[in-house]
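Reading the sequence shown from the start, the letters are residues 20 to 224 in the working numbering. Glycine included, each C-beta is placed from N, C-alpha and C at the ideal position. Encoded as structure tokens, the structure appears first; notes follow it.
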Amino acid sequence: MTPLSVPLRLGFLASHGGSNLQAILDAIAEGRLHAEARVAISNNSASKALERARHRGIPALHISGQTHPEPEALDAAIAEALTGHGAEWVVLAGYMKKIGPSVLQAFPHRIVNIHPALLPNFGGKGMYGIQVHEAVLAAGERESGASIHVVDSEYDRGPVLAQERVPVEPGDTPETLQARVLAVEHRLYAATLQRIAAGEIDLDA
Ligand code: GAR
Numbered sequence: 020m021t022p023l024s025v026p027l028r029l030g031f032l033a034s035h036g037g038s039n040l041q042a043i044l045d046a047i048a049e050g051r052l053h054a055e056a057r058v059a060i061s062n063n064s065a066s067k068a069l070e071r072a073r074h075r076g077i078p079a080l081h082i083s084g085q086t087h088p089e090p091e092a093l094d095a096a097i098a099e100a101l102t103g104h105g106a107e108w109v110v111l112a113g114y115m116k117k118i119g120p121s122v123l124q125a126f127p128h129r130i131v132n133i134h135p136a137l138l139p140n141f142g143g144k145g146m147y148g149i150q151v152h153e154a155v156l157a158a159g160e161r162e163s164g165a166s167i168h169v170v171d172s173e174y175d176r177g178p179v180l181a182q183e184r185v186p187v188e189p190g191d192t193p194e195t196l197q198a199r200v201l202a203v204e205h206r207l208y209a210a211t212l213q214r215i216a217a218g219e220i221d222l223d224a
């Protein structure tokens, strides 16, 4: 795999634990992903994601409805923070807010998201975190998985770039299924970003 000479310059948006953010930072540090983390932004000032970014010396910002009560100003502030820190790609890593038009316009075909199910199933508004796994089990599915997709103005829509299947085991709880899917997410997200870095996936195609 020949990486492009210029690394992917990543800006992250995350709301909670940030384990996907951590997995990507680890992949960069270990040379498995040709990228630079330029900034991490969270709507949650107490998010572990911000702590994880700070620990690696990455600028970590809290930008939310608390800091910017007006939705348009909030959207603009996020776009400015991303571009101001030199991000060229936006990685959603457990970000529970909708992406606004300013961010979408600043990063056309340059925003990716990970979702803990096999999209287009079990996606959409309200489908995040443990609720996704509860819905998969309630539907009696035999398998679930992780999906990485390009972000547009709707939740969990946009072309799927990569998907990996995970079995649903007898006796699974939402938590056990979540843990099995999350382990796959961590590997799949870094690997998919590396495929973008290496030019194997063209988001403009
Ligand atoms: C991950 O499972 C991610 O797929 C999911 O939130 C979790 C965040 O975990 N995202 C969504 O449900 C988006 N609709 P993390 O903060 O530990 O990376």
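Among Leu207, Ala95, Met115, which one has its Cα closest to the Cα of Ser66? Within the sequence shown, numbered from 1, the residue matching residue 66 stands at position 47. Just measuring C-alpha positions, the residue of Leu207, Ala95, Met115 sitting nearest Ser66 is Met115.
Is the number of C-beta pairs between the segment 148–156 and the segment 190–208 that are closer than 8 Å three or more? Output reads yes: the segment 190–208 touches the segment 148–156.
Thr21 (DSSP reduced to helix, strand or coil): Within the sequence shown, numbered from 1, the residue matching residue 21 stands at position 2. Reliability of the predicted coordinates at Thr21 is poor, the pLDDT of 48 falling under 50, and the value obtained from them is presented with this limitation in mind. Coil.
Can you say whether His1 is buried or exposed, counting buried as having 16 or more other CB atoms within 10 angstroms of its CB? Since the first residue shown for the chain is 20 and the last is 224, residue 1 is missing from the structure and cannot be characterised.
Spatially closest choice to Arg199 from Ile220, Val185, Pro178, Leu212, by CA coordinates: Counted from its first residue, the sequence shown places residue 199 at position 180. When each option's Cα is compared against that of Arg199, the closest is Val185.
Is Leu156 closer than 9 Å to Ile133 when the C-beta atoms are compared? Indexing the sequence shown from 1 puts residue 133 at position 114. Indexing the sequence shown from 1 puts residue 156 at position 137. Going by C-beta atoms, Ile133 is not nearer than 9 Å to Leu156.
The alpha helix (DSSP H) with Pro193 in it runs from where to where? Sequence index remark: in the sequence shown, residue 193 carries index 174 (1-based). Annotation: the continuous alpha helix (DSSP H) that includes Pro193 extends over 193–216.
Expressed to the nearest angstrom, what Euclidean distance is found between the alpha-carbon atoms of Arg51 and Leu137? For the purposes of this step, residue 51 is taken as residue 32 along the sequence shown, with counting starting at 1. For the purposes of this step, residue 137 is taken as residue 118 along the sequence shown, with counting starting at 1. Taking C-alpha positions only, Arg51 is separated from Leu137 by approximately 25 Å.
DSSP bridge partner residues for His87 (one or two, in chain order): Counting from one through the sequence shown, the residue named residue 87 turns up at place 68. Paired residues: none, contrary to the question.
Does the beta-carbon distance from Leu32 to Ala56 come in below 9 Å? For the purposes of this step, residue 32 is taken as residue 13 along the sequence shown, with counting starting at 1. For the purposes of this step, residue 56 is taken as residue 37 along the sequence shown, with counting starting at 1. No, the pair does not count as a contact, with Cβ atoms beyond the cut-off.
When the Cα atoms are used, what is the spatial distance from Ser172 to Gly145? The sequence position of residue 172 within the sequence shown is 153, counting from 1. The sequence position of residue 145 within the sequence shown is 126, counting from 1. Rounded to the nearest angstrom, the two C-alpha atoms are 15 Å apart.
Answer with buried or exposed for Thr21, where buried requires no fewer than 16 other C-beta atoms within 10 angstroms of its C-beta. Sequence index remark: in the sequence shown, residue 21 carries index 2 (1-based). With a pLDDT of only 48 at Thr21, under the threshold of 50, the placement of this residue in the model should not be trusted; the figure read from the coordinates follows. Looking at its Cβ environment, which holds fewer than 16 other Cβ atoms inside 10 Å, Thr21 is exposed.
Closer than 8 Å to a non-hydrogen atom of the ligand GAR - does that hold for the CB of Asp171? On the sequence shown, position 152 is the one that residue 171 refers to. Result no, Cβ not under 8 Å from the ligand GAR.
For Thr211, does the count of other Cβ atoms within 10 angstroms reach 16, so buried, or fall short, so exposed? Residue numbering aside, residue 211 sits at position 192 when the sequence shown is read from its first letter. For Thr211, the number of other beta carbons within 10 angstroms of its own is at least 16, and it is reported as buried.
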